[in-house]
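Residues are numbered in this note's numbering as their position in the sequence shown, beginning at 1, plus a constant of 1.
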Amino acid sequence: HAIKKFDSNGTYISSIGGAGFTRLADAKKVIKKLVSSADLTKGANFGLMKWHSSARMLVRINSAGASNIYNTIDSLNASGGTNLDNAMRTAQRYFSGSSSPINPNASCQKNFLIVISDGYWYDSVASRIAENLYKTKGIQTFVIGFHTGGNSNYTKLAKAGGTYPDSPLYSSNWQHLYETLSSYIRQAISSSLTFTVPVVMPGISSSDHLFQSTFTYKKNHQWKGKLTKYKLQADGSLGSSVWEAGKLLDNKSESSRQIWTIANNMGISTSLNNFTTTNLSGLKTLIWENSGKNPTDTEGTDLINFVRGLDAYDEDADSNTTEKRWKLGDIYHSRLTVVGAPNADTTNDVNRTDTEAYYRYQKNYANFKGGN
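Structure, rendered in structure tokens:
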């Protein structure tokens with residue numbers, strides 16, 4: 002709707018409303034404000050997809066994405082429907098293709114989709130694609146409803162994309178839309194954090210590497226930890242990733258892990274892998290000792306399975322408590338220590354009997370060193 006103002010002679014003076022205050026105009030205003038904010042763009046690369054009955058990438062994700070979006074956004078017109086299936090297929094192809102913005106050597110890189118819609122969509126594959134992107138590539142999908150109350154598909158998509166309950170959120174005006182998007186972008190920028198000092202280990206066999214721990218913050222959820230080993234180049238620059246411990250652990254099934262605990266006089270096996278539901282009774286006694294609580298077998302089983310790596314508490318709210326979860330937690334305010342092959346010295350010098358080297362000699366450390 003629009004209100005037009007005329008003088009007493011019928012001459013047009015001005016108008017309010019109309020095209021200048023459409024939902025699309027509001028969205029353009031918000032996006033231009035976002036991509037021109039140095040505070041929001043300095044820590045992230047941006048891209049833009051247009052979707053309606055079909056979908057296509059207007060601006061590919063890159064360091065110049067924000068400025069390209071600013072120069073492109075005014076050319077958009079509203080048309081077609083809200084076919085999110087096509088949009089998510091396009092996103093999946095983009096992130097999986099040769100022009101994907103994902104750097105395989107940057108394990109701490111995070112990628113996000115922010116889906117903005119002012120209507121309802123039919124979801125035959127959209128949520129499944131969001132779940133696949135999240136579980137296989139770590140790409141999270143935030144969901145925003147603009148000038149709409151939303152429906153169950155908004156929540157379904159957010160859960161599949163790993164952002165529930167932070168999303169979906171609904172905005173009824175451009176100011177709230179800007180605040181919502183700003184919040185999501187800041188969360189994305191700050192999601193990979195580190196509170197440990199990188200450790201450089203030169204001079205060791207197979208050395209000249211740097212070890213760095215990071216973690217992904219997620220409100221009201223487990224924090225996802227990573228530990229990456231990087232190669233250091235001859236000139237001191239950082240080379241490619243050698244391995245990432247979180248991913249290696251994620252590829253290991255919970256049943257194949259060797260988890261041991263001290264269990265003296267509790268009727269628990271002293272084998273290398275004794276933290277299992279087979280030892281439920283004794284473990285319950287140990288875990289809840291002096292707590293004043295008498296846990297049920299279900300509570301004990303859930304905790305054991307969670308520690309071993311199952312989603313026993315249904316964190317992703319998909320009603321499946323036997324699927325695997327990310328096993329490595331946040332390495333927070335910790336000092337990294339590399340444990341490698343034994344390489345300490347020994348001595349049988351009777352004048353050095355008060356040294357660790359002599360102690361190691363007495364305890365046959367040389368045999369241990371040679372065998373490892």
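For every residue, glycine included, the Cβ atom is placed at its ideal position computed from N, Cα and C.
- Per DSSP, the beta-bridge partners of residue 49 are 60.
- By the Cβ rule, the segment 209-217 counts as touching the segment 228-240, because three or more pairs are nearer than 8 Å.
- Closest in C-alpha terms to residue 57, from the list 63, 48, 335 and 216, comes 48.
- Secondary structure at residue 341: coil, using DSSP grouped into helix, strand and coil.
- Under the three-state reduction of DSSP, residue 279 is assigned to helix.
- If you draw a straight line from the Cα of residue 92 to the Cα of residue 327, it comes to about 24 Å.
- Distance from the CA of residue 317 to the CA of residue 160, rounded to the nearest whole angstrom, comes to 7 Å.
- Less than 8 Å divides the Cβ of residue 298 from the Cβ of residue 281.
- Within the segment 122-199, the complete alpha helix (DSSP H) segments at least 4 residues long are 127-138, 153-161 and 175-190, listed from N- to C-terminus.
- Each residue's CA atom was taken as its position, placing residue 342 and residue 370 some 8 Å apart.
- When C-beta atoms of the segment 174-187 are compared with those of the segment 35-43, three or more pairs fall below 8 Å, so the two segments count as touching.
- Contact between the segment 168-182 and the segment 142-154 is present: three or more C-beta pairs spanning the two stretches fall below 8 Å.
- A residue is called buried once 16 or more other Cβ atoms fall within 10 Å of its Cβ, and residue 226 is buried on that count.
- Separation of residue 338 and residue 246 (C-alpha to C-alpha, rounded to the nearest whole angstrom) is 14 Å.
- For the pair residue 222 and residue 51, the Cα-to-Cα distance works out to about 31 Å.
- As a beta-bridge residue in DSSP terms, residue 230 pairs with 212 and 244.
- A check of alpha carbon separations from residue 152 across 173, 131, 123 and 136 identifies 123 as the nearest.
- The Cβ neighbour count for residue 218, taken over all protein chains shown within 10 Å, is under 16; the residue is labelled exposed.
- Three or more beta-carbon pairs separated by less than 8 Å link the segment 66-74 to the segment 23-39, which places the two stretches in contact.
- In the displayed model, residue 257 falls within a helix according to three-state DSSP.
- Taking all protein chains in view, the Cβ of residue 255 is crowded by 16 or more other Cβ atoms within 10 Å, so the residue is classified as buried.
- Residue 70 holds the alpha-carbon nearest to the alpha-carbon of residue 61 among 55, 53, 54 and 70.
- Note that the C-beta distance between residue 158 and residue 131 is below 8 Å.
- In this chain, residue 351 is not harboured by any alpha helix (DSSP H), its DSSP state being neither H nor E.
- Sequence-distant partners of residue 32 (beyond 5 residues in either direction) whose C-beta falls short of 7 Å from its own C-beta, in its chain, are 70 and 74.
- Residue 269 sits in coil when the DSSP states are folded into three classes, being neither helix nor strand.
- Leaving aside the five residues that flank residue 85 on each side, the residues in its chain whose CB is nearer than 6 Å to its CB run, in chain order, 122 and 127.
- For the 8 Å CB-CB criterion, residue 120 and residue 149 form a contact.
- Annotated as distal: residue 224 and residue 355, with beta-carbon spacing of 8 Å or more.
- Rounded to the nearest angstrom, the gap between the Cα atoms of residue 53 and residue 90 is 13 Å.
- In the three-state scheme derived from DSSP, where H, G and I count as helix and E and B as strand, residue 114 is classed as strand.
- Taking C-beta separations shorter than 7 Å and ignoring five residues to either side along the sequence, the partners of residue 46 in its chain run 62, 63, 64, 66 and 102, following chain order.
- According to the DSSP assignment, residue 90 belongs to the alpha helix (DSSP H) that extends over 85-97.
- Here the alpha carbon of residue 273 sits roughly 24 Å from the alpha carbon of residue 365.
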